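Peer 1: Chains E and S, in that order, are what the protein sequence lines are. Each residue of the first sequence is one higher than the last, beginning at 0 in numbering that gives the first Met the number 0. Each residue of the second sequence is one higher than the last, beginning at 0 in numbering that gives the first Met the number 0. Even glycine gets a Cβ: it sits at the ideal position worked out from N, Cα and C. Owing to the predicted nature of the structure, the values given are computational and were not obtained by experimental measurement. Sharing a structure here in structure tokens format.
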Amino acid sequence: MSKHHEGPTYAHVVPVRTLLGVFGALMFLTILTYAVTYVDLGALNIWVALGIALVKGTLVALVFMHLLWDKKFYAVVLMSALLCVMIFIGIALLDSGQYQADLIPDFAPGIVQ
Amino acid sequence: MSTPHEGRDEHAHPHLQHHFESMAQQYDSGKFGMWLFLVTEVLLFGGLFCAYAVYRANHPEIFAYAHQFLDKTLGGLNTLVLIVSSLTMAMAVRCAQLGQQRRLKQMLAATLLCACIFLGVKGVEYEHKWKHGLLWGTHYVPQGETVAPADAAGAATTAETTAAAAAAPADGGTTLPHAATGPQGLADHSQPGHGGASHGGHGPAGPAPRNVHLFFGIYFVMTGLHGIHVLAGMIAIVWLLRRSAAGEFGPEYFAPVDFVGLYWHLVDLIWIFLFPLLYLIH
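Pasting the structure below:
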């Protein structure tokens with residue numbers, strides 16, 4: 000990048016080529032996650048979809064959100080939030096799993112009437 | 000801005016606030032604040048993802064059935080639109096950093112355009128669901144029921160109760176005994192299918208499970224909150240466009256573009272997870 004030195008003194012300028020590369024990868028992965036729904040992988044389908052989403056999310060966070068070049072502290076801040084969410088969802092799922100035996104088949108709470 | 004700060008360099012940047020040492024320090028502080036805000040956003044949506052996970056784990060049949068009402072081509076199109084907008088936003092940050100005023104405005108305008116397309120497509124999807132009565136709670140009255148979906152959707156509380164009362168006898172022969180359906184089970188008037196109604200071109204196959212409205216409650220809250228975030232992002236981008244029209248951004252001062260960019264990418268990131276979880280259920 001010949002224009003690199005024109006940028007700010009205190010922040011990193013992401014090269015266009017990197018941005019376009021990530022953009023291409025995100026487009027490809029979106030089409031892939033769409034296409035993979037036509038393949039029956041059984042219970043694996045959701046994990047494949049989530050895995051692809053995780054890769055896409057990581058690309059966005061690392062490059063578009065500059066985490067790759069910024070102070071690692073921001074990445075720690077984000078990861079701590081994600082960790083909290085995962086613990087939250089994990090424990091909630093464990094808890095509701097305990098009630099599986101009490102569930103009435105085909106019935107779910109939540110109706111107002 | 001006009002009053003010079005004491006003991007301050009005469010040539011200090013006009014956008015340097017008096018309580019900061021340098022533009023770099025101001026930028027770092029702002030960025031830290033922005034990340035803390037994004038953390039609260041992650042936690043906000045985290046609660047909704049938790050609700051999704053619990054309901055899907057407990058009632059997979061509802062999700063397997065109801066997601067067929069969603070158009071995954073439109074959802075996929077919106078995903079692509081948001082990715083394009085993320086690219087243009089990242090380019091806008093770059094242009095601001097390099098002081099490319101003209102391209103900065105172009106990139107911000109392109110991002111805004113993508114946001115409009117996203118909300119437009121979302122509007123088409125919402126309208127389709129509204130028309131077919133595919134809504135939350137007691138508003139879930141799929142096409143083919145005795146009550147016209149449009150009425151049920153816009154109805155006041157009194158109309159809801161009559162709608163429920165009118166629909167309940169039709170469903171009189173519930174498969175579950177009343178005791179088993181629980182105190183709320185009587186409102187189970189939400190089953191489509193016994194009219195053999197088709198729901199547009201992509202009507203779901205197979206019999207409907209009970210309480211499909213739960214899916215649409217989750218769908219509308221999650222995509223609705225996300226849509227509100229897109230709207231907020233659009234307002235922020237308009238603000239950036241006004242400021243960039245005044246030529247305020249450059250290599251020394253691009254923080255607002257950068258921070259709105261961070262927010263915009265997070266909104267994109269949330270959609271990246273919403274799309275497969277809501278539209279691409281196998």
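Measuring CA to CA, which of GLU5/E, PRO7/E, GLY96/E, LEU102/E is closest to ALA52/S?
Peer 2: When each option's Cα is compared against that of ALA52/S, the closest is GLY96/E.
Peer 1: Would GLY20/E pass as an interface residue toward chain S - the criterion being a Cβ-Cβ separation below 8 Å?
Peer 2: It does not: the Cβ of GLY20/E has no partner Cβ on chain S nearer than 8 Å.
Peer 1: Between the segment 205 to 218 of chain S and chain E, which residues of the former have CB atoms less than 8 Å from a CB of the latter, in chain order?
Peer 2: Hits within the stretch, in order: PRO208, ARG209, ASN210, HIS212, LEU213, GLY216.
Peer 1: Looking at chain B, is there any beta carbon in it that lies within less than 8 Å of the beta carbon of GLY75/S?
Peer 2: Of the chains in the structure shown, none is chain B; the protein chains are E and S.
Peer 1: According to DSSP, which residues form a beta bridge with TYR252/S?
Peer 2: Its beta-bridge partners are GLY249/S.
Peer 1: Considering only C-alpha positions, which residue in the set SER243/S, TYR218/S, ALA245/S is nearest to ALA50/S?
Peer 2: Closest option to ALA50/S, Cα to Cα, is TYR218/S.
Peer 1: Can you tell me which of the three DSSP states GLN99/E falls into?
Peer 2: GLN99/E falls in the helix class under three-state DSSP.
Peer 1: List, in chain order, every chain S residue whose beta-carbon is nearer than 7 Å to that of LEU81/E.
Peer 2: Here the neighbours are VAL41.
Peer 1: Rounded to whole angstroms, what's the CA-CA distance from VAL54/E to PHE48/S? Just pull it up for me.
Peer 2: When rounded, the distance between both Cα atoms is 18 Å.
Peer 1: Who are the Cβ neighbours of PHE62/S in its own chain at under 7 Å, not counting the five residues just before and after it?
Peer 2: Hits under 7 Å: ARG55, PHE214, ILE280.
Peer 1: Report yes or no: do three or more beta-carbon pairs, one from the segment 16 to 24 of chain S and one from the segment 57 to 69 of chain E, lie closer than 8 Å?
Peer 2: Contact fails: fewer than three Cβ-Cβ distances are below 8 Å.
Peer 1: For GLN16/S, which three-state DSSP category applies?
Peer 2: Coil at GLN16/S, not helix or strand.
Peer 1: Which residues in the same chain have their Cβ closer than 6 Å to the Cβ of GLY249/S, if we skip the five residues on either side of it in sequence?
Peer 2: GLY98, listed in sequence order.
Peer 1: How about LEU240/S and ALA89/S: are their beta carbons less than 8 Å apart?
Peer 2: No, the Cβ-Cβ distance between LEU240/S and ALA89/S is not below 8 Å.
Peer 1: Which chain E residues are close to GLY45/S, counting only those with a beta carbon under 9 Å from its beta carbon?
Peer 2: Those are ALA80, LEU81, CYS83, VAL84, MET85, PHE87, ILE88, listed as they occur along chain E.
Peer 1: Does the segment 32 to 46 of chain E come within contact of the segment 119 to 134 of chain S, defined as at least 3 CB pairs closer than 8 Å?
Peer 2: Contact between the segment 32 to 46 of chain E and the segment 119 to 134 of chain S is absent, because fewer than three Cβ pairs lie under 8 Å.
Peer 1: Using the three-state DSSP reduction, which class does PRO206/S fall into: helix, strand or coil?
Peer 2: Here PRO206/S sits in coil by DSSP.
Peer 1: As an exercise, report each continuous beta strand (DSSP E) stretch of at least 3 residues that is fully enclosed by the segment 23 to 111 of chain S, in chain order.
Peer 2: List check, beta strand (DSSP E) in window: nothing returned.
Peer 1: Once DSSP output is grouped into helix, strand and coil, what is the label at THR8/E?
Peer 2: THR8/E: coil per DSSP, three-state reduction.
Peer 1: How is the alpha helix (DSSP H) around MET64/E delimited, first residue to last?
Peer 2: First-last for MET64/E: undefined, no H or E at that position.
Peer 1: Between ALA235/S, GLU247/S, PHE117/S, SER243/S, which has its C-alpha nearest ASP267/S's C-alpha?
Peer 2: ASP267/S has its Cα closest to that of PHE117/S, out of ALA235/S, GLU247/S, PHE117/S, SER243/S.
Peer 1: Closer than 8 Å by beta-carbon distance: list the chain E residues that pair up with LYS30/S, in chain order.
Peer 2: Under the 8 Å cutoff, chain E gives ASP69, TYR73.
Peer 1: With H, G and I counted as helix, E and B as strand and the rest as coil, what does DSSP make of GLY132/S?
Peer 2: Coil.
Peer 1: Does the distance from the CB of SER84/S to the CB of ALA65/S come in under 8 Å?
Peer 2: No.
Peer 1: Would you call ARG93/S buried or exposed, if buried means 16 or more other Cβ atoms sit within 10 Å of its Cβ?
Peer 2: Burial call: buried.
Peer 1: Can you tell me the Cα-Cα spacing of HIS12/S and PHE19/S, whole angstroms?
Peer 2: One C-alpha to the other measures close to 11 Å.
Peer 1: So with CB distances below 7 Å, who are the chain S contacts of ALA100/E?
Peer 2: Neighbours of ALA100/E on chain S: none; closest Cβ ~12 Å, over 7 Å.
Peer 1: Please list the residues of the segment 240 to 258 of chain S that have a C-beta atom closer than 8 Å to any C-beta atom in chain E, keeping them in chain order.
Peer 2: Answer set for the segment 240 to 258 of chain S: PRO250, GLU251, PHE253, ASP257.
Peer 1: Exposed or buried, what is PRO340/S when buried is set at 16 or more other beta-carbons lying within 10 Å of its beta-carbon?
Peer 2: The requested residue 340/S does not occur in the structure, where chain S is confined to residues 0 to 281.
Peer 1: DSSP state of ALA114/S, grouped into three classes?
Peer 2: It is helical.
Peer 1: For a cutoff of 8 Å on Cβ pairs, would you count PHE63/E as touching chain S?
Peer 2: Yes, because at least one Cβ of chain S sits closer than 8 Å to the Cβ of PHE63/E.
Peer 1: Taking the straight line between their C-alpha atoms, what separation do you get for VAL13/E and ILE88/E?
Peer 2: Between VAL13/E and ILE88/E, the C-alpha separation is close to 35 Å.
Peer 1: Between VAL220/S, GLY132/S, GLY232/S, which lies nearest to LEU308/S when the distance is taken from Cα to Cα?
Peer 2: With chain S covering 0 to 281 only, the question about residue 308/S has no answer from this structure.
Peer 1: Relative to chain S, which residues along the segment 25 to 38 of chain E have a C-beta separation below 7 Å, given in chain order?
Peer 2: The residues in question are LEU25, MET26, THR29, THR32, TYR33, THR36.
Peer 1: Evaluate LYS71/S with the Cβ neighbour count: other Cβ atoms within 10 Å of its Cβ, from every protein chain shown; 16 or more gives buried, anything less gives exposed.
Peer 2: Counting Cβ neighbours within 10 Å, LYS71/S comes out buried, since at least 16 surround it.
Peer 1: What residue does the alpha helix (DSSP H) around ILE234/S start on, and which one ends it?
Peer 2: Its alpha helix (DSSP H) spans residues 212 to 244.
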